[in-house]
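Below is one structure, written out as structure tokens, with a few remarks after it.
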Amino acid sequence: MLRWLSGLTMQFPSRGPQPVGIVFDSDLGDGVDGALALALVYGLEGKNEARLISTSTTKSNLKSAAFGDALARFFAGPPPAAGSFGGGFQRTAPPMGMADNGKLDADTPVLNAVLDKKTDDGKPAYPNGIVKLNDTADPIALIRNAMTAQVDQNCIVLLAGPATNLVKVMDLAGTLDLIQRKVKLLIVAAGSYPEGTADPRVKADVPAARRLFAEWPTPIVAVGTEVGEALPFPGAAIEKDFAWAPAHPIVDAYRANRTMPYDAAAPSVAAALYAARPDGFKLSAVGAIAVLDDGRTRFTPKADGHSRYLTVDPDQKDKVIASYVELASAKPTPRQGGRGRPNQNNQKQDVPPPKP
Amino acid sequence: MTITRKALHRRSFLRGMGAAIGLPLLDAMVPALAIGQARAVKAPLRMVFAYVPNGIIMNQWNPDYEGKLGELPRVLKPMEPHRDDILMLGNLTHNTGRALLDGAGDHGRCSGSYLTGIQVKKTTVDIKAGVSCDQIVAKHLADQTRFPSLEVGMEDARQAGDCDSGYSCAYTNNLSWKSETQPLPPILDPRALFERLFGNGVILSPEARAREADYRRSILDFVGEDTRRLEATLGPTDRRKLDEYLTSIREVERQIERTENTNAQIDPHMEKPYGIPADFAEHFKLMTDMITIAFQADLTRVVTFLITREGTSRPYREIGIADGHHPCTHHQGKPDLIEKVTQINTYHATQLAAWVDKLKCTPEGDNRLLDNMMLVYGAGLSDGNRHLHEDLPTLVVGNAAGSIKTGRRLVYRKETPMCNLHLAMMDRMGVRMEHFGDATGELSFAELT
Numbered sequence: 055m056l057r058w059l060s061g062l063t064m065q066f067p068s069r070g071p072q073p074v075g076i077v078f079d080s081d082l083g084d085g086v087d088g089a090l091a092l093a094l095v096y097g098l099e100g101k102n103e104a105r106l107i108s109t110s111t112t113k114s115n116l117k118s119a120a121f122g123d124a125l126a127r128f129f130a131g132p133p134p135a136a137g138s139f140g141g142g143f144q145r146t147a148p149p150m151g152m153a154d155n156g157k158l159d160a161d162t163p164v165l166n167a168v169l170d171k172k173t174d175d176g177k178p179a180y181p182n183g184i185v186k187l188n189d190t191a192d193p194i195a196l197i198r199n200a201m202t203a204q205v206d207q208n209c210i211v212l213l214a215g216p217a218t219n220l221v222k223v224m225d226l227a228g229t230l231d232l233i234q235r236k237v238k239l240l241i242v243a244a245g246s247y248p249e250g251t252a253d254p255r256v257k258a259d260v261p262a263a264r265r266l267f268a269e270w271p272t273p274i275v276a277v278g279t280e281v282g283e284a285l286p287f288p289g290a291a292i293e294k295d296f297a298w299a300p301a302h303p304i305v306d307a308y309r310a311n312r313t314m315p316y317d318a319a320a321p322s323v324a325a326a327l328y329a330a331r332p333d334g335f336k337l338s339a340v341g342a343i344a345v346l347d348d349g350r351t352r353f354t355p356k357a358d359g360h361s362r363y364l365t366v367d368p369d370q371k372d373k374v375i376a377s378y379v380e381l382a383s384a385k386p387t388p389r390q391g392g393r394g395r396p397n398q399n400n401q402k403q404d405v406p407p408p409k410p
Numbered sequence: 193m194t195i196t197r198k199a200l201h202r203r204s205f206l207r208g209m210g211a212a213i214g215l216p217l218l219d220a221m222v223p224a225l226a227i228g229q230a231r232a233v234k235a236p237l238r239m240v241f242a243y244v245p246n247g248i249i250m251n252q253w254n255p256d257y258e259g260k261l262g263e264l265p266r267v268l269k270p271m272e273p274h275r276d277d278i279l280m281l282g283n284l285t286h287n288t289g290r291a292l293l294d295g296a297g298d299h300g301r302c303s304g305s306y307l308t309g310i311q312v313k314k315t316t317v318d319i320k321a322g323v324s325c326d327q328i329v330a331k332h333l334a335d336q337t338r339f340p341s342l343e344v345g346m347e348d349a350r351q352a353g354d355c356d357s358g359y360s361c362a363y364t365n366n367l368s369w370k371s372e373t374q375p376l377p378p379i380l381d382p383r384a385l386f387e388r389l390f391g392n393g394v395i396l397s398p399e400a401r402a403r404e405a406d407y408r409r410s411i412l413d414f415v416g417e418d419t420r421r422l423e424a425t426l427g428p429t430d431r432r433k434l435d436e437y438l439t440s441i442r443e444v445e446r447q448i449e450r451t452e453n454t455n456a457q458i459d460p461h462m463e464k465p466y467g468i469p470a471d472f473a474e475h476f477k478l479m480t481d482m483i484t485i486a487f488q489a490d491l492t493r494v495v496t497f498l499i500t501r502e503g504t505s506r507p508y509r510e511i512g513i514a515d516g517h518h519p520c521t522h523h524q525g526k527p528d529l530i531e532k533v534t535q536i537n538t539y540h541a542t543q544l545a546a547w548v549d550k551l552k553c554t555p556e557g558d559n560r561l562l563d564n565m566m567l568v569y570g571a572g573l574s575d576g577n578r579h580l581h582e583d584l585p586t587l588v589v590g591n592a593a594g595s596i597k598t599g600r601r602l603v604y605r606k607e608t609p610m611c612n613l614h615l616a617m618m619d620r621m622g623v624r625m626e627h628f629g630d631a632t633g634e635l636s637f638a639e640l641t
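In order, the protein sequence lines correspond to chains A and B. The numbering of the first sequence is the working numbering, which starts it at 55 and goes up by one. The numbering of the second sequence is the working numbering, which starts it at 193 and goes up by one.
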């Protein structure tokens, strides 16, 4: 009987409080920082330390969305083993949000390297399902909808790109209240603090960044370029820790970004790690972040402010970088889909439609 | 010949004892000097939501192409003759139908939120949804037609009890909500709908109704005197139109009588009211014939039609399916169950096609009745097996007086709210709203670029 009960426990794992849900909005393909951060969030998800509840790109470029979709499929992992909970049912690729600002953002070497790579038999090495605009999701609805499904104060928004999408979310009717209720923290990997040179992520949409820092209704932690440079992603790990996969999209992205060897500045990776493992970092006092016309950011301490910026704890540097590598290079873990029922995509492939 | 600017009032009725029959659009209703112009301007726009439950076998619904409609997949095959009159919409989503921390009960949620755009309260007691878009329009048009709206159904109008995992039957059995706590139950019985449309509001006692039936008198007999008086003032074209219109009413009436007689012979103790046909297609035809007549006579411009209730386990013995609809939809990939659901989906579409045929054949001014309509046919679930609330099967039939280009399939970006469609439809009905439900903006019917 006890063995039977323990078998049941294995099949139907208990559902305790869910780990924090992460809304991930990034300029995927502009450099490798955003992709590394996304890989790290998948690693956190595999260890049940976070849940990726929506993914979107701030780049108005189908290749950027395709890159995100390819990563989602790569990190979806194999289906759970037959006989286990949800066994045999692969989770489907989630919708991929993409900014549509009416202009086409440029392709990048990272995007081309990953999306153009072929297997020996000529198939895409990293399959994705994005061909047309309507293969992507409206990021505004996607982000809002993801928040609606979260327990209050169990959501973190991680922005690693221009604030274009997020300010549009704020503009939806009733959404400021929703954000205040559901989101405990906005982490912005953009700018430099307390002040410094202009970050392209801010310069890309200065009015949006200004509104975001001024009007976002929850506490904000900004992660500046200075943190990214102080805590880079080690290039050596690319050659070693990702080698378990014969082809790995992060490896190809990293190599395409710059001539190897190099350590990539990684503010978004630090931001993603902070979302789930904040212990390795320090925070400034509270204050306000102003966005200047030229795209520079300036932090001013202010007792009633709601923003802080991340600082490096020198004692934790090695540990932080080790966590980067551990999480971003983690093998995908089996994940079940939906309600444990096969989806219609599977049905389409596996069961031919009955003849009339 | 004398040219007059006097016209028969659009809202004229043929009256008689216990009867008030609205009239279709006649030439006599517009001043002679303005006929051409008035025909184009005066025909009212109508909005219909026809709802089918339990999702659709989507790979038999969605074509593998976008743009101009050509060959349609199996479920929509019956609609192929009407493909120039339909706009297929893809990727519309009802996020408020999803669990959103409320657990099981997708059927209760998806029908409750379908026209309200609201995450309904999970309860069997103190129900709470929101004002549905049809009722917003109905309120706006209230003084323009005899009935602000009609709520029609075919299956179950229970308003209490648990119909899905803790969701009240009020959510699964109604589409229209007048307020956040007041659903408007659909009329299921053809006789009740007939009397609502053509009665004068006086409710006859059962004895009086029986006496009336004994005399086998048609409602047309009661308005005979008025009819003759009107006919004498009409030209030949209008007389023909009036005759066709009254004949269609008589046909409905006869069919209701036949049904009542048949039902009484089959089983005098049957659960359904006497007027409800046992045959699905017959019931569907009666109800849609009356909706058509209601539009012809401009008795209403807003209709919701709950073809069957969400979560229904109705069998379809008419097409040889003895299993319940809902259990079949949880097919888990089994081909025999998928086949049954496909047949049910196709059967529904077949009924729709017959109705659309009638709407196309019904003239209104120089156009067809369908040309002044937006008939949305769809479901609150796409994949009924997995209870998915995205890519909801949605057809818009009719071009809304030329404001919607039909004959196409438009696929929107994923997560596009269904409420964006509601905003677009309300706008065409004359109601401009900034926000509705979880809309992110009014749906554009232009191709994506």
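Even for Gly, the Cβ is constructed at its ideal location relative to N, Cα and C.
> Distance, Cα to Cα, B:P340 vs B:R493?
Replying inline: 7 Å
>> To the nearest angstrom, how far is the alpha carbon of B:M250 from that of A:E283?
In response: 49 Å
>> Which same chain residues end up closer than 7 Å to A:I375 when comparing Cβ atoms and leaving out the 5 residues on each side of it in sequence?
In response: Excluding sequence neighbours, A:I375 sits near L285 and P288.
> Hey, B:L217 and B:D481: beta-carbon distance below 9 Å or not?
Replying inline: no
>> Rounded to the nearest angstrom, what separates B:S204 and B:L422 at their Cα positions?
In response: 10 Å
>> For B:K606, would you say it is in contact with chain A, using Cβ-to-Cβ distances shorter than 9 Å as the test?
In response: yes
>> Quick check on A:G141 - is its C-beta less than 9 Å from some C-beta in chain B?
In response: In this predicted model, A:G141 has a pLDDT of only 47, less than 50, meaning its place in the structure is not dependable; the value taken from the coordinates is given anyway. No, because no Cβ of chain B sits closer than 9 Å to the Cβ of A:G141.
> Where do the ends of the alpha helix (DSSP H) carrying B:Q543 lie?
Replying inline: P527 to C553
>> With H, G and I counted as helix, E and B as strand and the rest as coil, what does DSSP make of B:L200?
In response: coil
> Using a beta-carbon distance below 9 Å, is A:T202 in contact with chain B?
Replying inline: yes
> What do you get for B:G309, buried or exposed, if any count of 16 or more other CB atoms within 10 angstroms of its CB means buried?
Replying inline: buried
>> Can you find the residues in the same chain that come closer than 8 Å, C-beta to C-beta, to B:I170, ignoring five residues on each side of it along the sequence?
In response: The question about residue 170 of chain B has no answer here: the residues shown for chain B are numbered 193 through 641.
> Mind pulling the beta strand (DSSP E) runs of 3 or more residues that sit fully within the stretch 153-215 of chain A?
Replying inline: 209-214
> Among residues of its own chain, excluding the 5 on either side of B:Y257, which ones have a beta-carbon nearer than 8 Å to its beta-carbon?
Replying inline: R601
> In three-state terms, what does DSSP make of B:E607?
Replying inline: strand
> Under 9 Å between C-beta atoms, does A:P396 make it to chain B?
Replying inline: Residue confidence for A:P396 is low, a pLDDT of 34 falling below 50, so the modelled location carries little weight and cannot support an answer.
>> Taking only three categories from DSSP, how would you classify B:N254?
In response: coil
> Using a Cβ-Cβ distance under 9 Å, would B:H540 count as near chain A?
Replying inline: By this cut-off, B:H540 is not an interface position.
> Taking A:A120 as the reference, which of A:L196, A:M314, A:L337 and A:D189 has the closest Cα?
Replying inline: A:D189
>> Taking the beta strand (DSSP E) that A:G341 belongs to, which residues open and close that run?
In response: G341 to V345
> Would you call the stretch 161-173 of chain A and the stretch 77-88 of chain A touching, i.e. three or more CB-CB distances under 8 Å?
Replying inline: Touching, yes.
> Which residues does DSSP pair with B:G570 in a beta bridge?
Replying inline: Its beta-bridge partners are B:Y243 and B:T586.
> Would you report the Cα separation of A:F296 and A:A384, rounded to the nearest angstrom?
Replying inline: 8 Å
>> Once the 5 residues before and after A:A195 are set aside, which same chain residues still bring their CB inside 7 Å of it?
In response: none
>> Is A:P73 close to chain B? Criterion is C-beta to C-beta, closer than 9 Å.
In response: no
> Do the stretch 238-246 of chain B and the stretch 494-506 of chain B touch if we need at least three Cβ pairs shorter than 8 Å?
Replying inline: yes
> Between the C-alpha atoms of B:D276 and B:D528, what's the straight-line distance to the nearest angstrom?
Replying inline: So the alpha carbons of these two residues sit roughly 33 Å apart.
>> Just to make sure I have the definition right: I need the residues of chain B whose C-beta is within less than 9 Å of the C-beta of A:P181. Which are they?
In response: Ordered by position in chain B, no residue passes the 9 Å Cβ test against A:P181, which lies about 18 Å from the chain.
>> Spatial neighbours of A:R350 within its chain, please: C-beta separation below 6 Å, excluding the five flanking residues on both sides.
In response: A252
>> Would you call the stretch 605-624 of chain B in contact with the stretch 274-288 of chain B, where contact means no fewer than 3 C-beta pairs closer than 8 Å?
In response: yes
>> According to DSSP, is A:Y308 part of a helix, a strand, or is it coil?
In response: Correct three-state label for A:Y308: helix.
>> Quick check on DSSP: helix, strand or coil for B:L279?
In response: strand
>> Suppose you measure from the CA of A:A263 to the CA of A:V223; what does that come to, to the nearest Å?
In response: 13 Å
> If you follow the beta strand (DSSP E) that A:F78 is part of, which residue opens it and which one closes it?
Replying inline: G75 to S80
> Residue range of the beta strand (DSSP E) that A:F121 falls in?
Replying inline: Where A:F121 is concerned, there is no enclosing beta strand (DSSP E), although the alpha helix (DSSP H) it sits in stretches over L116 to F129.
> Rounded C-beta distance between A:A319 and A:D87? I'm assuming under 8 Å.
Replying inline: The pair is a contact, with the Cβ atoms about 7 Å apart (cut-off 8 Å).
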